[in-house]
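Sequential numbering of the sequence shown, starting at 94, is according to my numbering. Yeah, the Cβ is synthetic: ideal placement off N, Cα and C, and Gly gets one too.
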Amino acid sequence: MTDPNAICPPPADGRAWVEVDADALRANAASLAAKAGTGVALVPMVKADGYGLGAVEVARSLAPLKPWKLGVAAVAEGTALRRAGIAAPIFVASPALPSEIGVAVASGFELAITDLDQLRGIRELRAARSGGGAGKHGADRGPPVRVHLEIDTGMGRAGFDWRRASTWAPEVAGLLGRGRSADGAEPTLVLEGIFSHLHSADESEPSIREQRMRLESALARLAPRRPAAVHLLNSAGVLRAPDLAADAIRPGIFLYGGRPASDLELPRPVATVKARVAHVKEAGPGDTVGYGATYTARRHERWATLAIGYGDGLPRRLGDRGWAVLGGRPAPLIGRTSMDVTVVRVDAAQEVRRGDVATVIGPGGDEGLALHEVATLADTIPYEILTGLSPRLPRIWKGVPID
Ligand SMILES: *Cc1c(COP(=O)(O)O)cnc(C)c1O
């Protein structure tokens, strides 16, 4: 295996980049797993390219924790992991499109079953594949499709309605159970999991309990033939109600250094965004900067133009609001953030040179605005900041195990 850190060029001459700390990622995952308790399986959500940081490196970094599955949203995300040599089971948590199901089944990915139509479609496709030829002996059937039944307990975007379990449960049980053929071959479908997704875990604990109760009430109707693992909690869910973890947890944002809510504990920072000074300017009274000339110097000032902008994923809303750290000191962002550059004001007595490195999203404290602080200043959430970091920024990983 090649050194994954070699995937990205070292930042020595880069304009801007993201430094990612695999040890912190692992520590955050281990801390959530510990809260959930022993015997609870870990399903790290690595969708959206590992929340923007690199799903392959995330998978490699978390391998020592032996995740039960890796959670993705799109079948293509699973394919990318396989191509990179990641062998862990892949769970596609969002409803797969008809156009994706063939590849998912052929790749052995586990699918979320979100309605009857989809369940029938997967069954038919799987049956067609295993029919004919040596199928009579089960030799070319291949492994069954492992599925996770999604129960909608209030999120409303996908899944079987928990209130109507008595209407869908018999048919679902029938479709799942009718898999075992007369020759005793493996079933076509295997119910691997039953899950639901929390809608307000970031806000309150009672909503989590309510959704868990709704899930239980649907489970009671289902009475599956073989035991399936029940999973419900996202990051905020684990932090607020670890006792409701059931069989597995599906954390995302906390692993990546994002705090899901302001009253919850901070994870260890994982990603730091840095940019080089591309230009230094001595500004005089009346000089303006950026589109709309929203900032005017009142006296002699020193400005540094950083080689990062909203085209890199630095939120445009940070302009005139945020601050970077340059030479160990805070440097306020002045004027509107452009697509490719952002201007900061440095202390007029401070020596700044082209090529110096500034921290624009930092670990917090004196070392630069933390991810949640950037999100607040930009009127958004850490999830959007991380997944918005553009491909123009190399991800520089440290501490990824080399296998
Ligand atoms: C994204 C996602 C998660 C992870 O949520 P976080 O808030 O990032 O912890 C869990 N489950 C499902 C189904 C998801 O789509």
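Once DSSP output is grouped into helix, strand and coil, what is the label at residue i?
i       : result
Ile-489 : strand
Pro-494 : coil
Asp-142 : helix
Ala-115 : helix
Ala-120 : helix
Tyr-476 : helix
Ala-258 : helix
Thr-465 : Note on residue identity: the sequence assigns His, not Thr, to residue 465. Correct three-state label for His-465: helix.
His-241 : strand
Leu-282 : strand
Pro-484 : coil
Thr-389 : strand
Thr-452 : strand
Gly-164 : strand
Val-149 : helix
Ser-291 : Checking the displayed sequence, the identity of residue 291 turns out to be Leu instead of Ser. Reduced to three states, the DSSP call for Leu-291 is coil.
Val-265 : helix
Thr-246 : coil
Thr-131 : coil
Pull up the CB-CB distance for residue i and residue j, whole angstroms please, since I reckon it's below 8 Å.
i       : j       : result
Pro-335 : Lys-128 : 4 Å
Ala-294 : Arg-333 : 6 Å
Val-238 : Leu-282 : 5 Å
Ile-287 : Leu-242 : 5 Å
Val-133 : Ala-329 : Wrong, their Cβ atoms sit about 16 Å apart, outside the cutoff.
Val-437 : Leu-419 : 6 Å
Pro-487 : Gly-143 : About 15 Å; that fails the 8 Å criterion.
From this set, the options, which residue's C-alpha is nearest residue i's C-alpha?
i       : options                            : result
Asp-440 : Asp-413, Arg-256, Val-373          : Val-373
Pro-182 : Ala-313, Gly-385, Leu-174          : Leu-174
Ile-179 : Val-198, Pro-160, Ala-152, Gly-286 : Ala-152
Ala-251 : Leu-209, Arg-239, Arg-213          : Leu-209
Glu-285 : Ala-316, Asn-327, Arg-216, Leu-204 : Leu-204
Ala-368 : Leu-269, Ile-206, Ile-401, His-241 : Ile-401
Pro-160 : Val-265, Ile-478, Ala-126, Val-113 : Ala-126
Arg-257 : Leu-315, Ala-221, Arg-213          : Leu-315
Thr-207 : Val-196, Ala-220, Met-248          : Met-248
Ala-341 : Arg-422, Gly-164, Arg-213, Ala-117 : Gly-164
Val-445 : Arg-422, Thr-435, Ala-141, Asp-433 : Arg-422
Asp-413 : Val-240, Asp-405, Val-382          : Val-382
Thr-497 : Glu-170, Gly-461, Ala-186, Thr-260 : With the chain represented from 94 up to 496, any question about residue 497 goes unanswered, as that position is not in the structure.
Val-434 : Gly-455, Leu-399, Ala-141          : Leu-399
Pro-494 : Arg-485, Val-149, Ala-311          : Val-149
Asp-245 : Gly-492, Pro-475, Leu-325, Ala-386 : Leu-325
Leu-470 : Arg-302, Asp-459, Ile-454, Pro-484 : Ile-454
Ala-371 : Glu-466, Ser-154, Ala-397, Ile-474 : Ala-397
Ser-310 : Gly-350, Pro-344, Ala-262, Glu-298 : Ala-262
Pro-344 : Ala-115, Lys-162, Glu-112          : Lys-162
Pro-137 : Leu-118, Ser-289, Thr-452          : Leu-118
Gly-404 : Gly-428, Pro-484, Thr-473, Ala-122 : Pro-484
Can you name the residues that DSSP bridges to residue i?
i       : result
Lys-374 : Trp-396
Trp-110 : Lys-367
Pro-177 : In the sequence as presented, Pro is not what sits at residue 177; that position holds Ala. Answer is none; Ala-177 lacks a bridge partner.
Ala-382 : As written in the sequence, residue 382 is Val, which differs from the Ala given in the question. Paired residues: Tyr-388.
Ile-301 : Answer is none; Ile-301 lacks a bridge partner.
At 3 residues or longer, what runs of the beta strand (DSSP E) sit wholly inside the segment 185 to 217?
Listed in chain order, they are 203 to 206.
Segments of 3+ residues assigned as beta strand (DSSP E) that fall wholly inside the segment 419 to 445:
Listed in chain order, the complete beta strand (DSSP E) runs (minimum 3 residues) inside the segment 419 to 445 are 422 to 427, 435 to 439.
In chain order, which continuous runs of the beta strand (DSSP E) of length 3 or greater are located wholly inside the segment 391 to 418?
Restricted to the segment 391 to 418, the beta strand (DSSP E) segments that are unbroken, complete and at least 3 residues in length are 394 to 399, listed in chain order.
In chain order, which beta strand (DSSP E) runs of at least 3 residues are fully inside the segment 304 to 361?
Fully enclosed beta strand (DSSP E) runs of 3 or longer: 322 to 324.
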